[in-house]
Every structure is written in C-alpha cells, then in structure tokens.
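Novice: Per the numbering used here, the sequence shown starts with residue 171, numbered consecutively.
A virtual CB, placed ideally from N, CA and C, is assigned to each residue, including glycine.
Next up is a structure, given as structure tokens.
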Amino acid sequence: MLFRNTLYTGPVILQESIRALNKGAEIYSHFLCLFIPMFILLNPNLCHKYQNYARDLLVHFVRKTKSLYGEKYLTHNFHCLLHIADDVSTFGPLDNCSPFKFENYLQTFKKHIRKGSKPLQQVVKRITEQMETTLHEFKDSNLGSNIYHFGQHCNGPMLNLCDPFRQYT
C-alpha cells in the first residue's frame with residue numbers, strides 16, 4: 171500500500187517538504203527519476219512506447235543514488251531496477267508480473283504466525299487448518315440427511331477461520 175500511495179501522491183506531497191532540505195531540489199529530481207519510470211512501466215498504455223525512456227531514467231536514478239547518498243546505499247534492489255524495464259518486453263505492464271497487487275496480503279500471513287521460528291511452515295499449517303474448517307456442505311451422519319439452509323444472513327458471530335461471506339439460518 172505504501173508503494174501505491176507513493177506512486178500517486180509522492181510528487182505532490184514530497185515536493186515542498188523535500189525541496190526545503192539541503193540539496194532538496196536535487197533529491198526531489200532524483201525521486202522523480204524513480205517515480206516517472208514506475209508510472210510508465212505500470213501503465214499498459216505507456217509501457218511499450220516509453221520503455222527505453224523509462225530504462226534510461228532508472229539507469230540515471232541508480233547512478234545518481236551513489237553520488238547523492240553514498241555507495242553503501244546501493245543494494246541488490248537498486249541493481250534490479252536496471253533490469254525492470256526489460257520485463258515489460260516479456261510480461262507487459264509490471265502489474266502483470268509483480269507482487270504489488272498482493273502487497274496487502276502480507277498482513278494476513280503475519281496473523282498466521284504465532285512464534286518466530288519456522289514462519290513458512292506455520293503459515294502453511296494455518297492455511298491448511300482454515301481450508302479444512304471452511305464448511306461448504308455439511309451432512310450430519312447421525313441424522314442421515316442434509317442440513318437445509320433457510321436463508322443467508324450477514325450478521326452474527328463466526329469463527330475467524332470460517333468463511334465470513336457465507337452464513338445461513
């Protein structure tokens with residue numbers, strides 16, 4: 171969500187606050203060298219036409235990062251920016267191949283983790299438990315018949331693991 175907010179509101183919000191800093195105009199210009207290519211590469215109408223321009227801006231952004239902030243800030247993620255424009259040729263707009271649309275799902279995964287060790291195993295176990303407890307059809311073997319639903323409703327207590335969209339009386 172932070173990325174999306176920055177993508178759409180960053181230039182407006184950061185313009186005054188960054189420009190007030192020492193080297194502010196240069197830092198703001200540097201931010202735009204990331205903002206503009208990301209906007210282009212995420213847009214299906216612009217990504218192919220301006221792909222080379224976006225690549226050039228990203229190369230400039232990475233080079234300028236070193237001179238503005240120092241080499242210690244150049245991580246592997248910055249290096250990956252040099253290749254992200256090429257992904258448009260293969261996959262189309264970045265939303266077709268990126269995790270941006272799933273970034274808010276991280277909170278759901280975090281809720282499945284109870285302790286610090288083996289987080290992946292915990293998430294898989296919680297999701298498996300959730301899938302096993304979701305009731306789609308229920309047949310009471312003691313009665314030997316199906317339970318009939320008289321009407322769906324959307325209010326009432328439900329377990330967190332159950333499907334919150336289906337409640338019946």
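#1: Restricting to Cα atoms, I'd like to know which of Q291, T235, L212, S237 is closest to S159.
#2: F231 and C203 look like a contact to me (Cβ under 8 Å); what is the Cβ gap, rounded to whole Å?
#3: Specify the secondary structure class of G262 as computed by DSSP and reduced to three states.
#4: Beta carbon of L244, beta carbon of F205: below 9 Å?
#5: Roughly how many angstroms lie between the CA atoms of Q300 and H282, to the nearest whole one?
#6: The alpha helix (DSSP H) with L216 in it runs from where to where?
#7: CA-CA distance, N247 and V182?
#8: Among residues of its own chain, excluding the 5 on either side of L264, which ones have a beta-carbon nearer than 6 Å to its beta-carbon?
#9: I'd like the span of the alpha helix (DSSP H) that includes H282, first residue to last.
#10: For K193, does the three-state DSSP call read helix, strand or coil?
#11: Does DSSP put K242 in a helix, a strand or coil?
#12: Is the Cβ-Cβ distance between N222 and A255 less than 9 Å?
#13: Take K219 as the anchor and find which of Q292, Y275, G262, F279 has the nearest alpha-carbon.
#14: Can you give the Cα-Cα distance for R233 and N266, rounded to whole angstroms?
Specialist: On the basis of the supplied data:
#1: Because the chain spans 171 through 339 in this model, residue 159 falls outside it and cannot be assessed.
#2: 4 Å
#3: coil
#4: no
#5: 10 Å
#6: Segment: none, L216 is in no alpha helix (DSSP H) and carries neither H nor E.
#7: 25 Å
#8: L211, L212
#9: Where H282 is concerned, there is no enclosing alpha helix (DSSP H), given that its DSSP letter is neither H nor E.
#10: coil
#11: helix
#12: yes
#13: G262
#14: 27 Å
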